[in-house]
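Below: the structure, in structure tokens.
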Amino acid sequence: NAGVTQTPKFRVLKTGQSMTLLCAQDMNHEYMYWYRQDPGMGLRLIHYSVGEGTTAKGEVPDGYNVSRLKKQNFLLGLESAAPSQTSVYFCASNPQLVGETQYFGPGTRLLVL
Amino acid sequence: KQEVTQIPAALSVPEGENLVLNCSFTDSAIYNLQWFRQDPGKGLTSLLLIQSSQREQTSGRLNASLDKSSGRSTLYIAASQPGDSATYLCAVINNAGNMLTFGGGTRLMVKP
Numbered sequence: 015n016a017g018v019t020q021t022p023k024f025r026v027l028k029t030g031q032s033m034t035l036l037c038a039q040d041m042n043h044e045y046m047y048w049y050r051q052d053p054g055m056g057l058r059l060i061h062y063s064v065g066e067g068t069t070a071k072g073e074v075p076d077g078y079n080v081s082r083l084k085k086q087n088f089l090l091g092l093e094s095a096a097p098s099q100t101s102v103y104f105c106a107s108n109p110q111l112v113g114e115t116q117y118f119g120p121g122t123r124l125l126v127l
Numbered sequence: 235k236q237e238v239t240q241i242p243a244a245l246s247v248p249e250g251e252n253l254v255l256n257c258s259f260t261d262s263a264i265y266n267l268q269w270f271r272q273d274p275g276k277g278l279t280s281l282l283l284i285q286s287s288q289r290e291q292t293s294g295r296l297n298a299s300l301d302k303s304s305g306r307s308t309l310y311i312a313a314s315q316p317g318d319s320a321t322y323l324c325a326v327i328n329n330a331g332n333m334l335t336f337g338g339g340t341r342l343m344v345k346p
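Pasting the structure below:
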């Protein structure tokens, strides 16, 4: 049982490039989330999903797109990376939207030059 | 908009000391509050979850309290150890259950 895994661990992009971050969970959780963490600002919710085929916007969705084609995977896409998207990205999942703790992946460090 | 603040931002204590980390939130309409631990370069690990109807939760040397009406929570760590060194984050879930709002964290260093 690997829990929540994220690919890649680290990536450097040039401004304007695109990339996809992959989150996978093997706990059969319905709900999955993407956060970004910036120094001194805690974590902020980008997008989330309440089940296969569903997505919803969080607090800071601009510049990102997501897809949940399979229950175990949640993809975060950057179509045209900007330096402001330099951050550490965390994926999380939980079996129930309300009242259950979230399980976090180890993070993806992204640097946009 | 919910805002969560953690004070202090950083704390350094000698081993064995009891300590308190503070968390405050602006909107008392929360479903629950959670405390997480984050080690450098790692993800978050859940420590304690307090439902809005509860006043406190305990796990080993950790005790978290919640005063929803005043918008405050504290995390008490007893007999601190160097292994407790990490960043501690509090987060609240809104009543709709679809938004987890985090504080900026308290970076704790416990010196041997």
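In order, the protein sequences belong to chains A and B.
First residue of the first sequence? That's 15 in this note's numbering, and the numbers climb one at a time after it.
First residue of the second sequence? That's 235 in this note's numbering, and the numbers climb one at a time after it.
Each residue gets a CB set at the ideal place from its N, CA and C atoms; glycine is no exception.
{"query": "Continuous beta strand (DSSP E) stretch holding A/Y78: start and end", "result": "Note, A/Y78: premise wrong, no beta strand (DSSP E); not H, not E."}
{"query": "C-beta neighbour in chain B for A/T115, strict 9 Å", "result": "yes"}
{"query": "Cβ-based burial, B/T260 [other Cβ within 10 Å; buried from 16]", "result": "exposed"}
{"query": "Partner residues on chain B for A/M55, Cβ-Cβ distance less than 8 Å", "result": "G338"}
{"query": "B/Q236 (DSSP reduced to helix, strand or coil)", "result": "coil"}
{"query": "Unbroken beta strand (DSSP E) run spanning B/D301, endpoints", "result": "296–301"}
{"query": "Cα-Cα separation, B/G250 to A/V18", "result": "34 Å"}
{"query": "Buried or exposed (CB count within 10 angstroms, at least 16 for buried), A/L83", "result": "exposed"}
{"query": "Chain-ordered neighbours of A/L59 on chain B, where CB pairs are closer than 7 Å", "result": "M333, L334"}
{"query": "C-beta atoms of B/W269 and B/L296 nearer than 9 Å", "result": "yes"}
{"query": "CB contact flag (B/L267, B/S319, <9 Å)", "result": "no"}
{"query": "Range covered by the beta strand (DSSP E) that runs through A/L127", "result": "Note, A/L127: premise wrong, no beta strand (DSSP E); not H, not E."}
{"query": "Chain A residues whose Cβ lies nearer than 7 Å to that of B/G277", "result": "F104, F118, G119, P120, G121"}
{"query": "Inter-stretch contact at 8 Å, needing at least 3 Cβ pairs: the segment 281–300 of chain B / the segment 119–127 of chain A", "result": "no"}
{"query": "Helix, strand or coil at A/S94 according to DSSP, with G and I counted as helix", "result": "coil"}
{"query": "CB contact below 9 Å: A/E73 versus chain B", "result": "yes"}
{"query": "Rounded straight-line distance, which links the Cα of B/A298 to that of B/S262", "result": "17 Å"}
{"query": "Beta-carbon proximity of A/H43 to A/P109, cut-off 9 Å", "result": "yes"}
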